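Notes follow once the structure below has been shown.
There are 2 protein chains.
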Amino acid sequence: MSNNLTIALDIMGGDYGPRSSLPAAVEAVNLIDHLTLILCGNERQIRCELKKLDALTHPRILIEHCSEVVNNDDLPSSALRNKKDSSMRISLDLVKSGRAQACVTAGNTGALLAMAHYVLKMLPGVKRPALISTVPTQTPKPVYLLDLGANVTCDSEVLFQFAVMGAVVAEQAQNIDSAKVSLLNMGAEEIKGHESIKEAAKLLQCSEHINYIGYSEGNDIFSGKADVIVCDGFTGNVALKTCEGIAKLIVHKLTKALNKSLFNKFLALLLFPVLKKLYKRVNPDQYNGASLVGLRGIVVKSHGNASKKAFLAAIEEAVREVERQLPEKIRYKFEEIINKNA
Amino acid sequence: MSNNLTIALDIMGGDYGPRSSLPAAVEAVNLIDHLTLILCGNERQIRCELKKLDALTHPRILIEHCSEVVNNDDLPSSALRNKKDSSMRISLDLVKSGRAQACVTAGNTGALLAMAHYVLKMLPGVKRPALISTVPTQTPKPVYLLDLGANVTCDSEVLFQFAVMGAVVAEQAQNIDSAKVSLLNMGAEEIKGHESIKEAAKLLQCSEHINYIGYSEGNDIFSGKADVIVCDGFTGNVALKTCEGIAKLIVHKLTKALNKSLFNKFLALLLFPVLKKLYKRVNPDQYNGASLVGLRGIVVKSHGNASKKAFLAAIEEAVREVERQLPEKIRYKFEEIINKNA
Chain D
1 MSNNLTIALD
11 IMGGDYGPRS
21 SLPAAVEAVN
31 LIDHLTLILC
41 GNERQIRCEL
51 KKLDALTHPR
61 ILIEHCSEVV
71 NNDDLPSSAL
81 RNKKDSSMRI
91 SLDLVKSGRA
101 QACVTAGNTG
111 ALLAMAHYVL
121 KMLPGVKRPA
131 LISTVPTQTP
141 KPVYLLDLGA
151 NVTCDSEVLF
161 QFAVMGAVVA
171 EQAQNIDSAK
181 VSLLNMGAEE
191 IKGHESIKEA
201 AKLLQCSEHI
211 NYIGYSEGND
221 IFSGKADVIV
231 CDGFTGNVAL
241 KTCEGIAKLI
251 VHKLTKALNK
261 SLFNKFLALL
271 LFPVLKKLYK
281 RVNPDQYNGA
291 SLVGLRGIVV
301 KSHGNASKKA
311 FLAAIEEAVR
321 EVERQLPEKI
331 RYKFEEIINK
341 NA
Chain P
1 MSNNLTIALD
11 IMGGDYGPRS
21 SLPAAVEAVN
31 LIDHLTLILC
41 GNERQIRCEL
51 KKLDALTHPR
61 ILIEHCSEVV
71 NNDDLPSSAL
81 RNKKDSSMRI
91 SLDLVKSGRA
101 QACVTAGNTG
111 ALLAMAHYVL
121 KMLPGVKRPA
131 LISTVPTQTP
141 KPVYLLDLGA
151 NVTCDSEVLF
161 QFAVMGAVVA
171 EQAQNIDSAK
181 VSLLNMGAEE
191 IKGHESIKEA
201 AKLLQCSEHI
211 NYIGYSEGND
221 IFSGKADVIV
231 CDGFTGNVAL
241 KTCEGIAKLI
251 VHKLTKALNK
261 SLFNKFLALL
271 LFPVLKKLYK
281 RVNPDQYNGA
291 SLVGLRGIVV
301 KSHGNASKKA
311 FLAAIEEAVR
321 EVERQLPEKI
331 RYKFEEIINK
341 NA
């Protein structure tokens, strides 16, 4: 039933480079039998690692040699100008040329944004790309949060467009008709917050294309009242990283508390599987990766210190987005809105 | 050794009104023997409740009748104009007139900001007041976070001033010499974030009055690397409420996981005390309250749904701020900076 699909991987990106990306790649082709992967990076290093994994001759693993690597401290502008043969850039070029239908990287986010924007270009009518990811809620369904850091500030029109893109992503992923969309603000009252948010609220209230349910505050993110929560990239980044920090803090405090007596240590041992699962759930960034939406191609960004499991999850996300034809769905939605308004 | 001190309480504010504020007041005078409280609110209601608590004739409990209450949905401008005999306004008036040395309220934050600013006025040289509170870290010391919602946007000078005020608060509270101050940003790199943050970083780097340690990201808040973290009120509000939301989510998920089997239920029972303590620790807003700094008087804001314990904690915080002469310390610091720069 499923068509063959090809995904380009930036094998060199992230804190662990090939050590986490390559085992994830091998597991992905073993799990998904219609998936071909193009591994972008240092050929010698990739071959050496693939040999260890006994996957050197896998028919659905191809290697694209790249002589450069984008480092975590490379400035976006400099990476864009100078690293044209980097594993990150080549992964994007493969999507642009159509050889791959999506790409996955755990590399430098700033450089990725600059390169992806330059190489793939925006979908017609879309002003800015956004980073989107899910955050767990008290319901079985997660909530989609965007933007997570692609844009420091956003005007009301950009926030409106993020609402449209977020709704498409949530509706496709969760197979729902009309995603509930909310704007992140500092209070539920209409008078609070930045002017851009208040203006975006007016645009969303007037739009027949969006099921807008009003403002959310920071604590509402996890309540499940919305399917999509929209904010500027600065706010989204702080909110997501605050989640990461507090999850770490809770594990730290709990570990300390559970180490206080022999009885508590015994408890901790029994509790370990529950806590491990919980930590992963409340630490979304680390485990889900984020997608860059609004571009003419699919780009999934795994966390910089992604483990093999996290990188695999990012590959699987890319596969799902290809199957859902996400950029096309966003393009249709924008055409619909533009035509209606024309 | 300690001098008598008098604090005005807005008894009517918050979701529970007298039900949580009055028992807290009675406990406070019983705990702190040099403390006198002026209870501002509906005299009949207060007398009735005090009678139930067997504290109607307590020599250090005074009642100031107020005919109005600021509601949670009152607009700040309207509360300021129309509620001059409200329990919130009278509490502030008592500080202004010198009859009380501080006031505590769990009422409408927006109205409180407007009224406190109008009644008490800013300290010389201070441009804007800020809401400040502590957040737990992985070290035994908490970190002070400001602004938590008094100002939606802040220019670089305001952020610089918040750094100065935050440092004074942390140094006084933790008895340290030179508090480590950080700016909350979306990345550790110098090129990231709002212009106001980058400008504030330059001001702080150049200042001999502040021990500035660079940017923090959302996840760094809880690491303990800084004593004070500065941001605009929108960002601080989202970060603090995100903490509140994720703490609730974790309790929810853990409760669910621990309900899955009889064995897990047994575990939950054993774990309950550890978890309860942890929840309180990672849910700072709910338990600590926040202080309004930069004004010519001490104002402590308890959480809207403050329990008796939380309201008591807010009274104790007000007592400590009076003893530390916090507004005077901030005034000295600003004079020092202004004189040096003159």
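In order, the protein sequences belong to chains D and P. Counting from 1, position 62 in the first sequence corresponds to residue 62 in UniProt numbering; the numbering is continuous, with no gaps. Counting from 1, position 244 in the second sequence corresponds to residue 244 in UniProt numbering; the numbering is continuous, with no gaps. Backbone N, C-alpha and C fix where the C-beta goes; we use that ideal spot for every residue, glycine too. Note that this is a predicted model, so its numbers are computed, not measured.
M186 (chain P) has a beta carbon lying within less than 8 Å of a beta carbon in chain D. Taken in chain order, the members of the segment 234 to 255 of chain D whose beta-carbon sits within less than 8 Å of a beta-carbon on chain P are F234, T235, N237, V238, A239, L240, K241, T242, C243, E244, G245, I246, A247, K248, L249, I250, H252, K253 and L254. In terms of CA proximity to I32 (chain D), D:L5 leads the group D:A55, D:L5 and D:N42. For T255 (chain D), there is no enclosing beta strand (DSSP E); the enclosing alpha helix (DSSP H) covers residues G233 to L258. For the 8 Å CB-CB criterion, L39 (chain P) and I7 (chain P) do not form a contact. M165 (chain D) and L131 (chain D) have their C-alpha atoms some 11 Å from each other.
Just so you know, the alpha carbons of G110 (chain D) and M115 (chain P) end up roughly 43 Å apart. In this model, E195 (chain D) and D15 (chain P) are separated by some 29 Å (Cα to Cα).
Using a Cβ-Cβ cut-off of 8 Å, Q138 (chain P) counts as an interface residue toward chain D, since at least one Cβ of chain D sits closer than that to its own. When the Cα atoms are used, D93 (chain D) and G214 (chain D) turn out to be separated by approximately 40 Å.
Per DSSP, the unbroken beta strand (DSSP E) holding H65 (chain P) starts and ends at I61 to H65. For L203 (chain P), same chain residues with a beta-carbon under 7 Å away, outside a window of 5 residues either side, are S156 and F160 in chain order. E217 (chain P) reaches chain D at K241, counting residues in chain order whose Cβ is nearer than 7 Å. The C-alpha of K180 (chain P) is placed about 28 Å away from the C-alpha of A310 (chain P).
Rounded to whole angstroms, the gap between the alpha carbons of R320 (chain D) and K141 (chain D) is 17 Å.
The C-beta of V104 (chain D) comes no closer than 8 Å to any C-beta of chain P.
For S87 (chain D), the enclosing alpha helix (DSSP H) stretches over residues S87 to S97. Counting other Cβ atoms within 10 Å of its Cβ, P129 (chain P) reaches 16 or more and is therefore classed as buried. At least 8 Å separates the CB of D227 (chain P) from every CB of chain D. Per DSSP, G41 (chain D) lies in no alpha helix (DSSP H); the unbroken beta strand (DSSP E) holding it starts and ends at L35 to G41. CA-CA distance, I210 (chain P) to E336 (chain P), rounds to 12 Å. Minimum Cα-Cα distance from N185 (chain P) among the listed residues P:S178, P:I176 and P:I197 corresponds to P:I197.
In the three-state scheme derived from DSSP, where H, G and I count as helix and E and B as strand, T153 (chain D) is classed as coil.
Flagged as an interface residue toward chain D: I221 (chain P), by a C-beta distance shorter than 8 Å. Counted as a single uninterrupted DSSP element, the alpha helix (DSSP H) harbouring K308 (chain P) occupies residues K308 to E323. Contact check for G41 (chain P) and P18 (chain P): beta-carbon distance about 7 Å, within the 8 Å limit, so the pair qualifies. In this structure, the CA atom of L267 (chain P) is about 42 Å from the CA atom of L9 (chain P). Distances from the alpha-carbon of S20 (chain D) to those of D:F234, D:V251, D:I46 and D:T36 put D:I46 closest.
Close to T153 (chain P), with beta-carbon spacing below 8 Å, are these residues of chain D in chain order: H194. About 6 Å separates the Cβ atoms of G236 (chain P) and L145 (chain P), confirming a contact at the 8 Å cut-off. Residue state for S133 (chain P) is assigned as strand, using DSSP reduced to three classes.
Beta-bridge annotation (DSSP): A290 (chain P) is paired with P:K301. Straight across, the Cα-Cα distance linking A247 (chain D) with L80 (chain P) is about 40 Å. Comparing C-alpha distances from V119 (chain P) to each of P:A167, P:M88 and P:G107 shows the shortest one belongs to P:M88. Going by beta carbons, V230 (chain D) and L183 (chain D) fall inside the 8 Å limit. Around the CB of D227 (chain D), 16 or more other CB atoms lie within 10 Å, so the residue is classed as buried.
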